[in-house]
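Notes follow once the structure below has been shown.
Chains as they are written, first to last, in the working numbering: chain S, 89 to 629; chain Z, 14 to 152.
Printed below as a string of structure tokens:
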């Protein structure tokens, strides 16, 4: 490059590059129509080396592809088990459990008024027996198991481990992950239960327990996609997720948990829209920022503590109801962004996401999308194929700065918990959602077949998921039998011990497992702790 | 009808998140769009029961109730709200509109149940207020 900055400016002006209509990017400001060596720092480093801008492994996907694990679950244990077998037979790597809303909110299937939601958006889990039926006949010690439990993560973990125990499988044999990130639920998604401080304490219990007993398990996934789905920008998504992570890490430090014992098993999850070059840049920026955060702020010494494994979530709010098949292409672009960004896991939504949870057919296509990008395209042929791209390197740098600004804004608010309790994060996300809605409504954000090229065809109605309305009845029957057959006095005794443990600050996982062994239900454990912790009060405006 | 010369009272709408579904993006966007269009909006926050929504609607004497449901449980939940109005309403039943991930098939079923209008995914934002006004005018 021999052209000086001045010469380049003149060349740009002569060619009209500075007067082209604006096109906002993930940063919210104009994407430059041309990036050049003047925009980038050539010292981007190597994959597998700190600060991991170019990926977490030297040979990346030539070494191993990402874990393709579709988020899946509906109805009862049997119907979910059947769907999992279908997905495993088609090449899904392990399973990723979707729980129904009563399970996520800590209510049993026979709780007052929850019947219409039992088994609706995920599988209904009330007791150990449900987990035994859910995993019946599956090679649990040989496959990755992701449990997408949030506020109820500690109870779900206890029920799951006791179910495994009854099948002779020990905690250390299990690999997989659990969401556990409760803070994002106060910002978006809303399956909160206890006040944030108690939520963080429970996260600490899970992380501490798993660091000792489950070395192959990732006990906390710092999540952004829920906030992005609620309207957050890509920068807010990562910035708020990392601000939440800082709250957890600070709490772990206060509790005396060694950062190098737990950080290697932390991971993150982000969302991928169709702006796949910028989403890839976001991924690279997030990894670099995390590596520096863990080293500089939290004093991590081990290389593995600073390396952030990222799971991609593709498809959700940005999948459209109009001409739903076109979402397969949106999913492919998102998938490509995730792969070019170098993720370690991916879940991709069905193209019917705007209507319902996936059918067998739409789930299969979501899996096939990943497999085709993985096995048929050369996006996986070389580590960080976008490395050195003027555009992507410049965006990586700028996005990193943007994320850091958001983290600093949260720190100014007093940290993540304060910013949640005041409703700050929620308001920021809602404001972004509204701005996005207006941009899509007036066409500033073009969406094919939605706000441009709409055509005159009437949308063909999709064959969507057919819910099983009898699930609630069947779960109530199982619960009725369970409550009759178990030793009630032992349940009460164990729930008492749980409440006492909560009061004195004990790690609650072993106590929850004792409750589960006595066949206490999820709802009973959650209620017992509610009597100690109280409940979150949502700041509504 | 407002008499000529009298200032028109803004329409009061209750926007409610029903059931356990915590996806409130749509509810908040709709609330803001309706406020911007001059309606008076009361937002309930998350996880309201059919009983609570009905009693808030009656206490606040709103003109219309907007239910936001993205969990797929809309048929069961709306049925419960209608039953609650029959129980609590003393003959008063507020017009109900529903928004969320609702198929055209289910939208028809909801209308047969007595729902005044259904806002499916991607309803243009500037259609919201006129359609709500129309529902109130024909109530």
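C-beta: ideal position from N, C-alpha, C; glycine also.
> Between the Cα of residue 197 of chain S and the Cα atoms of S/228, S/165 and S/419, which residue gives the shortest distance?
Replying inline: S/165
> Given 8 Å as the limit, is there contact between the stretch 263–270 of chain S and the stretch 234–246 of chain S, that is, 3 or more CB pairs closer than that?
Replying inline: yes
> Hey, does residue 95 of chain Z have any beta-carbon neighbour from chain S nearer than 8 Å?
Replying inline: no
> What separation, rounded to the nearest whole angstrom, lies between the Cα atoms of residue 111 of chain S and residue 411 of chain S?
Replying inline: 25 Å
> Does residue 134 of chain Z have its Cβ less than 8 Å from a Cβ in chain S?
Replying inline: yes
>> I need the straight-line Cα distance from residue 265 of chain S to residue 130 of chain Z, nearest angstrom please.
In response: Approximately 42 Å, taken between the alpha carbons.
> Hey, residue 6 of chain Z and residue 149 of chain Z are a contact pair by Cβ (cut 8 Å); roughly how many whole angstroms apart?
Replying inline: No answer is possible for residue 6 of chain Z: it lies beyond the span of chain Z, which begins at 14 and ends at 152.
> Roughly how many angstroms lie between the CA atoms of residue 434 of chain S and residue 358 of chain S, to the nearest whole one?
Replying inline: 10 Å
> Does the Cβ of residue 612 of chain S have 16 or more other Cβ atoms within 10 Å, making it buried, or fewer, making it exposed?
Replying inline: Buried is the label assigned to residue 612 of chain S, since at least 16 other Cβ atoms lie within 10 Å of its Cβ.
> chain Z partners of residue 544 of chain S, CB-CB under 8 Å?
Replying inline: Residues of chain Z passing the Cβ test: none, with the nearest at roughly 16 Å.
>> Can you confirm whether residue 277 of chain S, when its beta carbon is compared against all beta carbons of chain Z, has any partner nearer than 8 Å?
In response: yes
> Around the Cβ of residue 408 of chain S, are there at least 16 other Cβ atoms within 10 angstroms (buried) or fewer (exposed)?
Replying inline: buried
>> Can you confirm whether residue 117 of chain Z, when its beta carbon is compared against all beta carbons of chain S, has any partner nearer than 8 Å?
In response: yes
> Do residue 355 of chain S and residue 305 of chain S come within 8 Å of each other at the CB atom, strictly closer than that value?
Replying inline: no
> Hey, how far is the Cα of residue 138 of chain Z from the Cα of residue 492 of chain S?
Replying inline: 33 Å
>> For a minimum of 3 consecutive residues, which ranges assigned as the beta strand (DSSP E) are wholly contained in the stretch 103–187 of chain S?
In response: 183–185
> So, is the C-beta of residue 415 of chain S closer than 8 Å to a C-beta in chain Z?
Replying inline: Chain Z, which has no Cβ nearer than 8 Å to the Cβ of residue 415 of chain S, makes this no.
> In this structure, what does DSSP give as the bridge partners for residue 435 of chain S?
Replying inline: S/401
> What do you get for residue 385 of chain S, buried or exposed, if any count of 16 or more other CB atoms within 10 angstroms of its CB means buried?
Replying inline: exposed
> Can you tell me the Cα-Cα spacing of residue 284 of chain S and residue 273 of chain S, whole angstroms?
Replying inline: 10 Å
>> For residue 66 of chain Z, would you say it is in contact with chain S, using Cβ-to-Cβ distances shorter than 8 Å as the test?
In response: no
> Under the DSSP definition of a beta bridge, which residues are partnered with residue 357 of chain S?
Replying inline: S/311 and S/399
>> Less than 8 Å between the beta carbons of residue 406 of chain S and residue 418 of chain S, yes or no?
In response: yes
>> Between which two residues does the beta strand (DSSP E) holding residue 52 of chain Z run?
In response: Note, residue 52 of chain Z: premise wrong, no beta strand (DSSP E); not H, not E.
> Taking three-plus beta-carbon pairs below 8 Å as touching, is the stretch 319–339 of chain S in contact with the stretch 277–297 of chain S?
Replying inline: A contact is defined here as three or more CB-CB pairs under 8 Å, and the stretch 319–339 of chain S meets this definition with respect to the stretch 277–297 of chain S.
> Which residues does DSSP pair with residue 25 of chain Z in a beta bridge?
Replying inline: The bridge partners DSSP lists for residue 25 of chain Z are Z/53.
>> Cutting at 8 Å between CB atoms, please list the residues of its own chain near residue 73 of chain Z, excluding the five before and the five after it.
In response: 25, 27 and 55
> Can you round the beta-carbon distance between residue 91 of chain Z and residue 111 of chain Z to whole angstroms, since I take them to be within the 8 Å contact cut?
Replying inline: 6 Å
> So the alpha helix (DSSP H) residue 483 of chain S belongs to, where does it begin and stop?
Replying inline: 478–500
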